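**Q** Sending over a structure as structure tokens; questions will come in a sec.
2 protein chains.
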Amino acid sequence: MTIAKPNGRTRDRILDIAQRLIQSRGYNAFSFSDLAKELGIRTASIHYHFPTKADLGVALLRRYRQNFRDELGGIAARADNPLRHLARFAALFERTFSADNQLCLCGMLSAEVATLPKPVAGEVERFFEETERWLAQVLAAGKSAGLVAFDGTARAQARMLLAVLEGAMVVARGMRHGTHFQGMARDYLAKLKAA
Amino acid sequence: MTIAKPNGRTRDRILDIAQRLIQSRGYNAFSFSDLAKELGIRTASIHYHFPTKADLGVALLRRYRQNFRDELGGIAARADNPLRHLARFAALFERTFSADNQLCLCGMLSAEVATLPKPVAGEVERFFEETERWLAQVLAAGKSAGLVAFDGTARAQARMLLAVLEGAMVVARGMRHGTHFQGMARDYLAKLKAA
DNA sequence: GTCTATAAGATGATAGAC
DNA sequence: GTCTATCATCTTATAGAC
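Residue numbers (the working numbering), protein chains in the order written: chain L, 1 to 195; chain Y, 1 to 195.
Structure below.
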């Protein structure tokens, strides 16, 4: 008796395409038909991997959060100082925006949150909380080392940095300008440098 | 012979409802059916006022930009100093977010810009350009008066302030937190104050 | 200005064959 | 795992009566 052993290749490809489509067009503007066309299979086959669109959304967000955690772990593991960590963090966003003005997945979903299946909205919330926590640690370490300067709590500063990066993506995209994002990211990081 | 004299009441109500729905749910997540239900009329009647959804979008954005210009004009006309002007500007965004975590209309549309009819996307771009220009003037005036301090160009600072407010809305909404927006807005304005 | 009626197309989803 | 076939529903839009 053979045991079903899905290699998950199609499943991953579905998630890859879904992620790109959501970051470009949004959750409400991509369809199973879009995925099927790109994959060269039928929509019924997508439903085999993800019974509902909400299931797909949750699976995508879980993978995304895990990947993002890995990226943050990789940054923190480096022997760099906290200022470099912040720069590498911002570079993650810049890399995304450079790819055809794509937004952060959770930035896009946050805008659409009122229309999302509840479990998907919950994943978005967790993304922001985790990211804010990580950034707060880096900022606090930087302050302790005398490399980073800011008023108020590290948490509030972390949230603000996140807001700047998310907002810079939105504004640069709305203005349809290719380089405004990196300009804002660089300028804001410069403000955090201790004199 | 009587001349048709549309009072525009229904037309305006359509735009009112459409604006609220877009700021809450997005352009791709509201339908003529939603409008018809709230108004107590049929979708065909909406099409009488706006032949296509793109027409509705353009009309909404034109009205919105005009209203926003009027608000900015009202702020600039006050005898306040530039710092107060910035605070009143931020208050416009806070008022919006206080209303059921609504986003800035153009912040929401900016996220969806890849899926919007071209004329609608053009209006979004104009909104950001106009707003950036107005903010840059206020910032420059504040700097001349020694009340506002910043590095770089007034344009870049204006863009950054806009990004902070848009991003703060997105992050606060994604975290489903009611007061994070005002916290970030207040903190960022404090940074602009000259010592 | 609003209605009924209608249309064509998209969408999320399921049943059952292969 | 993928297919065909089918479904109910939603969506934008038009024609023509009132």
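Backbone N, C-alpha and C fix where the C-beta goes; we use that ideal spot for every residue, glycine too.
Values in this document were obtained by computation on a predicted structure and should not be read as measured data.
What residue does the alpha helix (DSSP H) around residue 106(Y) start on, and which one ends it?
**A** Here the alpha helix (DSSP H) through residue 106(Y) covers 105-111.
**Q** I'd like to know whether the C-beta of residue 78(L) is nearer than 8 Å to at least one C-beta of chain Y.
**A** No, residue 78(L) lies away from the interface with chain Y (no Cβ there is under 8 Å from its Cβ).
**Q** For residue 110(Y), which residues from the same chain have a beta carbon less than 7 Å from its beta carbon, with the 5 sequence-adjacent residues on both sides left out?
**A** Within the same chain, residue 110(Y) has close Cβ partners 124.
**Q** Any contact between the segment 173-186 of chain L and the segment 145-164 of chain Y? By contact I mean 3 or more CB pairs, one from each, below 8 Å.
**A** Short answer: they touch.
**Q** Examine the Cβ distances between the segment 19-33 of chain L and the segment 96-115 of chain L and report whether three or more of them are shorter than 8 Å.
**A** Yes, they touch.
**Q** Would you report the Cα separation of residue 18(Y) and residue 149(Y), rounded to the nearest angstrom?
**A** Taking the straight line from one Cα to the other gives about 39 Å.
**Q** Taking residue 28(L) as the query, report the chain Y residues whose CB atoms sit under 7 Å from its CB, ordered along the chain.
**A** What residue 28(L) touches in chain Y: 26, 28 and 29.
**Q** Using a Cβ cut-off of 8 Å (strictly closer), state whether residue 57(Y) contacts chain L.
**A** False, the Cβ-Cβ gap to chain L never drops below 8 Å.
**Q** Residue 45(L) lies in the alpha helix (DSSP H); which residues open and close that run?
**A** Counting along the chain, the alpha helix (DSSP H) containing residue 45(L) begins and ends at 43-49.
**Q** For the pair the segment 168-175 of chain L and the segment 9-16 of chain Y, tell me if three or more CB-CB distances fall below 8 Å.
**A** With a cut-off of 8 Å, the segment 9-16 of chain Y and the segment 168-175 of chain L do not count as touching, because too few Cβ pairs lie within range.
**Q** Which chain L residues are close to residue 115(Y), counting only those with a beta carbon under 8 Å from its beta carbon?
**A** The contacting residues are 25, 26 and 29.
**Q** Roughly how many angstroms separate the alpha carbons of residue 46(Y) and residue 58(Y), rounded to a whole number?
**A** Residue 46(Y) and residue 58(Y): Cα-Cα distance of roughly 15 Å.
**Q** Which residues share a DSSP beta bridge with residue 148(Y)?
**A** BP columns for residue 148(Y) point to 193(Y).
**Q** Leaving out the 5 sequence neighbours to the left and right, which residues in its chain are closer than 6 Å to residue 68(Y) when beta-carbon positions are compared?
**A** Closer than 6 Å at the Cβ level, and outside the excluded window around residue 68(Y), lies no residue.
**Q** Would you say residue 81(L) and residue 147(L) are within 8 Å of each other, going by their C-beta atoms?
**A** Yes, the Cβ-Cβ distance between residue 81(L) and residue 147(L) is below 8 Å.
**Q** Kindly indicate if chain Y contains any beta-carbon less than 8 Å away from that of residue 195(L).
**A** Closer than 8 Å: no.
**Q** Could you check the C-alpha separation between residue 164(L) and residue 70(Y) for me, to the nearest Å?
**A** Distance between the alpha carbons of residue 164(L) and residue 70(Y) is about 27 Å.
**Q** Mind checking residue 129(Y): buried by the 16 CB within 10 Å criterion, or exposed?
**A** The residue in question, residue 129(Y), is exposed, as its Cβ has fewer than 16 Cβ neighbours within 10 Å.
**Q** Which term fits residue 154(Y), buried or exposed, when burial requires 16 or more other beta carbons within 10 angstroms of its beta carbon?
**A** Classification for residue 154(Y): buried.
**Q** In angstroms with no decimal places, state the Cα-to-Cα distance between residue 133(L) and residue 139(L).
**A** Whole-angstrom Cα-Cα distance: 10 Å.
**Q** If you draw a straight line from the C-alpha of residue 1(Y) to the C-alpha of residue 94(Y), how long is it?
**A** Note that residue 1(Y) scores 47 on pLDDT, short of 50, meaning its location in the model is unreliable and no value can be drawn from it.
**Q** What is the DSSP secondary structure of residue 180(L), counted as helix, strand or coil?
**A** It is helical.
**Q** For residue 110(L), which residues in chain Y fall below 8 Å Cβ to Cβ?
**A** In chain order: 170, 171, 173 and 174.
**Q** Please tell me whether residue 83(L) and residue 142(L) are closer than 8 Å, where the distance is taken between their beta carbons.
**A** Yes. Within cutoff.
**Q** Given that residue 60(Y) touches chain L, what residues does it touch there, using C-beta distances under 8 Å?
**A** Here the premise fails: no neighbours, minimum Cβ distance about 16 Å.
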